[in-house]
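Here the structure comes first, spelled out in structure tokens, and everything after it is commentary.
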Amino acid sequence: MKKFLFLLLVSGSAVADDASMFKCRALPDGQRLACYDAIALGAPARAAATRQEQEKSFGLVEKKAEVDAIESTIPGSFDGWGPNQLITLGNGQVWRVIDDSTGVVYGTDLKVTIERSSFGATFMVINGTTKSPKVKRLR
0 MKKFLFLLLV SGSAVADDAS MFKCRALPDG QRLACYDAIA LGAPARAAAT
50 RQEQEKSFGL VEKKAEVDAI ESTIPGSFDG WGPNQLITLG NGQVWRVIDD
100 STGVVYGTDL KVTIERSSFG ATFMVINGTT KSPKVKRLR
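Under numbering that gives the first Met the number 0, think of the first position of the sequence shown as 0, with each following residue one higher.
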């Protein structure tokens, strides 16, 4: 992420300097060299600012923009789950129960939420029960 931020800042300054470069191209030789030197002298100040920004954000954890949960339904009637059972959701996703848990819950078109835990495990929270099987997406 730090590399991406650095490249973004460097590329932004390169784009900003394009207009200055074109101005320098139109000048006679001696003035053109001085113009290019002036552009180059401005670069270390930007690098120092980038370094200060990096130090300011050092140690902070950046949260990635990712989805932590999705909601769907289990279409039709549902009477529970067991180990290795496949569960097809209303959005077309197919999930497999990957732990040894079993649960009994009766209903039709039950609402479910697929949640990712802080350690990366994925659980299916089914309305009407307090148990949540650990699942893995197949399709």
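All C-beta atoms in this analysis are idealised placements derived from N, C-alpha and C, irrespective of residue type, glycine included. Computed from a predicted model, the values in this text were never measured in an experiment.
Can you find the residues in the same chain that come closer than 6 Å, C-beta to C-beta, to residue i, ignoring five residues on each side of it along the sequence?
i, result
"Ser76", "Thr107"
"Glu70", "Thr112"
"Gln84", "Val96"
"Thr101", "Gly81"
"Asp99", "Pro82"
"Thr128", "Gly102, Val104"
Pull up the DSSP beta-bridge partners for residue i, would you.
i, result
"Gly143", "Outside the shown range of the chain (0 to 138) lies residue 143, about which nothing can therefore be said."
"Ile69", "Ile113"
In the DSSP assignment, the beta strand (DSSP E) including residue i goes from what residue to what residue?
i, result
"Phe122", "121–125"
"Thr87", "85–87"
"Val60", "Where Val60 is concerned, there is no enclosing beta strand (DSSP E), given that its DSSP letter is neither H nor E."
So, helix, strand or coil for residue i, using DSSP?
i, result
"Gly75", "strand"
"Lys135", "strand"
"Thr49", "helix"
"Lys130", "coil"
Could you please give the first and the last residue of the uninterrupted alpha helix (DSSP H) stretch that includes residue i?
i, result
"Ser19", "17–24"
Any beta-carbon of chain C closer than 7 Å to the one on residue i?
i, result
"Gly89", "Absent here is chain C; the protein component of the structure consists of one chain."
By Cβ distance below 8 Å, which residues in the same chain neighbour residue i in space, the five residues on each side in sequence not counted?
i, result
"Asp36", "none"
"Asp67", "Glu114, Arg115"
- [ ] Would you check if there are 3 or more beta carbon pairs closer than 8 Å linking the segment 88–99 to the segment 50–61?
- [x] no
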